[in-house]
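Residues in the sequence shown are numbered from 1 upward in steps of one, following the numbering used here. No residue lacks a Cβ here, since even glycine has one placed at the ideal position from N, Cα and C. Notes to accompany the following structure.
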Amino acid sequence: TEAIADARVKDFFDEGVDLEVDASQIKPNVRTTLIVKREADYAGRRLVFVASVGGEQGSLTASVDEEPVATPAGSLPCALVKEDVTLQGDKPGFKLLADCSAEVADLVLEIPGFADKRYGTVRAGRYALTTQAAETFAGKRFVLRGEHDGQEGVSNPVEV
1 TEAIADARVK DFFDEGVDLE VDASQIKPNV RTTLIVKREA DYAGRRLVFV ASVGGEQGSL
61 TASVDEEPVA TPAGSLPCAL VKEDVTLQGD KPGFKLLADC SAEVADLVLE IPGFADKRYG
121 TVRAGRYALT TQAAETFAGK RFVLRGEHDG QEGVSNPVEV
């Protein structure tokens, strides 16, 4: 309910980090989000927001989450295959197939701009996943995700 003064962000463990915050931008009774630029520089750190209100100093601690390690493409025993097809009305289209060499659990086709398509557990084999109009997905990238031998994996990406 009162104005904030002398606002700063400090690293919980490293006194070398001391970022000044424009306290005039923080309004009483209004939720405010502080954005840390160069987030990767602060990943895994605990930052402390310190400010004075009515002459008393207070603080708030937040952790900057580390980016999850990306699952490498091709780590799933399924290849995503695109075959060109002709749709009704002679429109160009494509068919996506999964060519799996081993069983995969929780297989998901990520469809850009649409809900993912889930297939559950599939055994080794070749599976028709979807047929779509090429113009709808021009320049878009598809990928399969799933779990094999207890590890999450990703197929090769396919671009339309």
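Notebook entry, point to check: Measuring CB to CB, does residue 51 end up less than 8 Å from residue 6?
Noted result: One-based indexing of the sequence shown puts residue 51 at position 51. One-based indexing of the sequence shown puts residue 6 at position 6. Against a cut-off of 8 Å, the Cβ pair of residue 6 and residue 51 comes out as a contact.
Notebook entry, point to check: Near residue 130, what residues of its chain come up, given a Cβ to Cβ distance below 8 Å and the 5 sequence neighbours on each side ignored?
Noted result: As a working note, residue 130 is residue 130 in the sequence shown. Within the same chain, residue 130 has close Cβ partners 95, 96, 109, 111 and 117.
Notebook entry, point to check: Leaving out five residues before and five after residue 87 in sequence, what residues of the same chain have Cβ atoms less than 7 Å from its Cβ?
Noted result: Locating residue 87 in the sequence shown gives position 87, where the first residue counts as 1. Same-chain partners within the cutoff: 93 and 133.
Next item on the list: Tell me whether residue 98 is buried or exposed, calling it buried when 16 or more other Cβ atoms sit within 10 Å of its Cβ.
Entry: One-based indexing of the sequence shown puts residue 98 at position 98. Buried, by the Cβ-count rule.
Item checked: C-alpha distance - residue 155 paired with residue 89, whole-angstrom precision -> Here residue 155 corresponds to residue number 155 of the sequence shown, with the count starting at 1. Here residue 89 corresponds to residue number 89 of the sequence shown, with the count starting at 1. Counting only the Cα atoms, residue 89 lies some 32 Å from residue 155.
Notebook entry, point to check: In the structure shown, what three-state DSSP assignment does residue 137 receive?
Noted result: Here residue 137 is taken as the residue at index 137 of the sequence shown, counted from 1. In this structure, DSSP gives residue 137 a helical state, which the three-state scheme calls helix.
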